[in-house]
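Engineer:
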Amino acid sequence: MNRISKINVKSRLAIVLFLFLGIFLGLSTEMAAQTIAKGNAQSLKDTASKKNLQDSIKIKTDTLKISKDSIDAPIKYNAEDSGVLVISTREFFLYGKAKVDYSDLKLDAATIKYDQRSQMVQAYGSKDSSGKPDSKPQFIQGEMKSISDTIFYNMKSGKGLTKNTFFQEGEIYVNAIDLKKISTTEVYARRARFTTCNLDVPHYNFRTSKMKIINNKMGIAGPSFPEFEGVPMPIGIPFGIFPLNKGRHGGLLPPAFTGSPDFGLGLEGLGYYFVLSEKMDVTLRSNLYSFGGWNLNINSKYIKRYAYTGNLNITIQNTKTLNRSTSSKDEFNTTRSFMINWSHSRDSRARPGTTFSANVNFGSSRFNRTILNNPFVNFQNQ
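Everything in the sequence shown is counted per the working numbering, starting at 19 for the first residue and increasing by one.
(1) Looking only at its chain, what residues have a beta carbon closer than 7 Å to the beta carbon of R384, apart from the 5 residues adjacent to it on each side?
(2) Write down every uninterrupted run of the beta strand (DSSP E) in the region 311-339 whose length is 3 residues or greater and which is fully enclosed by it, in chain order.
(3) Report yes if the C-beta distance between I358 and G381 is below 7 Å; otherwise report no.
(4) Return helix, strand or coil for P92, following the three-state DSSP convention.
(5) I'd like the ranges of any beta strand (DSSP E) spanning at least 3 consecutive residues and lying wholly in the region 133-175.
(6) Do S242 and G258 count as a contact pair if the criterion is CB distance below 7 Å?
(7) Classify G254 as buried or exposed, calling it buried when 16 or more other Cβ atoms lie within 10 Å of its own Cβ.
(8) May I have a chain-ordered list of the beta strand (DSSP E) segments no shorter than 3 residues that lie completely inside the region 181-216?
(9) To the nearest angstrom, report how far apart F110 and K174 are at their CA atoms.
(10) Okay, do the region 165-185 and the region 215-226 touch, 3+ Cβ pairs below 8 Å being the bar?
(11) Using the DSSP secondary-structure output, state which residues sit across from K177 in a beta bridge.
(12) Would you kindly check if the distance between the Cβ of I158 and the Cβ of K124 is under 7 Å?
(13) Where D126 and K338 are concerned, what is the direct C-alpha to C-alpha distance, given to the nearest angstrom?
(14) To the nearest angstrom, report how far apart L197 and D90 are at their CA atoms.
(15) Let me confirm a value: N315 is counted as buried when at least 16 other C-beta atoms fall within 10 Å, else exposed. Which label applies?
(16) Go ahead and pull the three-state DSSP assignment for I255.
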C-alpha cells in the first residue's frame with residue numbers, strides 16, 4: 019500500500035515537472051518569436067526609412083537636351099508686311115516695319131534677317147523710288163539708342179557692327195562711319211565726329227580717326243581736329259578724354275567762329291568748365307584772333323546756401339588791332355591790359371536785419387579802350 023502511494027506521489031511530481039517544463043518552453047518560444055518579429059519589424063522599418071531618405075534626397079532631372087545654339091530668352095517679333103521662315107537654311111526674314119524685342123534689346127528696321135545657326139541678326143533700312151534712304155534701323159539696348167544704315171548683331175555674344183551710326187552718350191553726340199560694339203557698355207568708333215551741339219547740322223564738331231566710349235563713364239578719342247560751321251581748322255589736339263557720368267561735371271565749352279575788320283578772323287569762347295566742389299566752380303574761356311590778339315578770362319563762382327555768394331573774375335588780354343591812322347607807320351596797334359573784379363554779398367537769412375556786400379574792381383586804365391569779346395565785361399557794360 020505504501021509502495022503504491024509512493025509511486026503515485028512520484029507520478030504526480032513527474033507530471034507537475036513535465037507541465038512546468040512545457041510551460042517554460044512555451045514561454046521561451048513565444049518570447050523568441052516576439053523578439054524575432056520585433057527585430058524583423060525594426061529591420062523593415064530601418065529599411066523603409068533609408069529608402070524614404072534616399073528617395074527624398076534624389077532629384078530627378080529632365081533628360082531633354084537643350085541645343086547649344088539656342089538663346090537664353092524669348093524673342094518677340096512683328097512685321098507689317100510678312101515673315102518668311104526658310105527651314106533648309108534655318109533663317110527667318112521680317113519685311114515691312116519689322117520689330118524685334120529680346121531681353122533689353124529693341125530693334126526696328128524695314129527688313130530684319132535672323133540666322134539661327136550663327137545667332138546673327140541683320141537689319142536694313144528702306145529707300146524711296148529715287149534711291150534715297152527712306153528709313154534707317156534703330157537699335158536700343160539699355161540707355162543707348164542708335165540710328166544706322168545697316169546693323170549686324172550677334173545675339174549670343176552681344177557683339178555687333180554698324181555702319182554710319184548716329185548716337186548720343188551723355189552730352190556727346192557721335193557720328194561714326196564704323197561702330198563696333200564689344201559689350202553692353204563699351205563701343206569703338208572709326209572715322210567719327212563728336213560734338214555737344216544738338217542741332218542736325220552742328221555749329222562745331224571734332225573729327226577723329228578712332229574713339230572709345232564707355233557708357234556712363236568716359237570717352238577717349240585719338241588725334242582730333244576741330245571744325246566750325248563746316249570749316250576745318252589747321253590745329254588739332256593729340257588726344258581727348260572727357261567724362262560721361264551723369265550729373266554736374268566739367269567739360270569743354272564750344273567756341274564760335276567769327277571775323278572782325280579790327281581783330282581779323284577769330285575763335286571766341288573756347289574754354290573749359292571745372293567743377294571744384296558743390297559750392298564752387300571755375301570757367302575758363304579764351305579768344306584767339308588771326309592778327310595776333312588774344313584774350314584769357316577766368317571766372318569763379320562760390321556760394322554757401324543761406325550764408326553768402328560771390329564771384330571772382332580775372333581777365334588778361336593782348337589787343338592787336340589794325341591801325342587805321344595814316345599818321346602812324348605801324349600796321350597794328352598793340353596794347354596789353356588786365357582787369358580783376360570781385361563781388362561778395364552775405365545772405366540776409368544769415369543774420370536777419372543786417373546786410374553786407376562788397377564790390378572791388380582793379381585793373382589797367384586802358385583796359386576798356388578796346389574791348390574784345392568778353393562776356394563778363396559785356397554784361398557789366400564797362
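Every residue gets a Cβ at the ideal spot worked out from N, C-alpha and C, and that includes glycine.
Structural biologist: Concretely, from the data shown:
(1) Residue mapping note: residue 384 aligns to position 366 of the sequence shown, counting from 1. Sequence-distant partners of R384 (beyond 5 residues in either direction) whose C-beta falls short of 7 Å from its own C-beta, in its chain, are T353 and S355.
(2) The qualifying runs are 312-322.
(3) What you label residue 358 is simply residue 340 of the sequence shown in a count that begins at 1. What you label residue 381 is simply residue 363 of the sequence shown in a count that begins at 1. Result yes, Cβ atoms of I358 and G381 sit closer than 7 Å.
(4) Your numbering for residue 92 matches position 74 in the sequence shown. P92 falls in the coil class under three-state DSSP.
(5) 138-142, 151-153, 156-159, 162-165 and 168-172
(6) What you label residue 258 is simply residue 240 of the sequence shown in a count that begins at 1. What you label residue 242 is simply residue 224 of the sequence shown in a count that begins at 1. Yes, these two residues count as a Cβ contact at 7 Å.
(7) Here residue 254 refers to the residue found at position 236 of the sequence shown. Result: exposed.
(8) You should have 190-199 and 204-213.
(9) For the purposes of this step, residue 110 is taken as the residue at position 92 of the sequence shown. For the purposes of this step, residue 174 is taken as the residue at position 156 of the sequence shown. Cα to Cα, the separation comes out at about 16 Å.
(10) no
(11) If you number the sequence shown from 1, residue 177 lands on position 159. Answer by DSSP bridge pairing: none, since K177 is not bridged.
(12) Along the sequence shown, read from residue 1 onward, the residue named residue 124 stands at position 106. Along the sequence shown, read from residue 1 onward, the residue named residue 158 stands at position 140. Yes, the pair counts as a contact, with Cβ atoms nearer than the cut-off.
(13) In the sequence shown, the residue the question calls residue 126 occupies position 108. In the sequence shown, the residue the question calls residue 338 occupies position 320. In a straight line, the C-alpha of D126 is about 56 Å away from that of K338.
(14) Looking up residue 197 in the sequence shown gives position 179. Looking up residue 90 in the sequence shown gives position 72. Roughly 26 Å between the two C-alpha positions.
(15) As a first step, residue 315 must be located in the sequence shown, where it is residue number 297. Burial call: buried.
(16) Translated into the one-based positions of the sequence shown, residue 255 becomes position 237. In this structure, I255 counts as strand in the three-state DSSP scheme.
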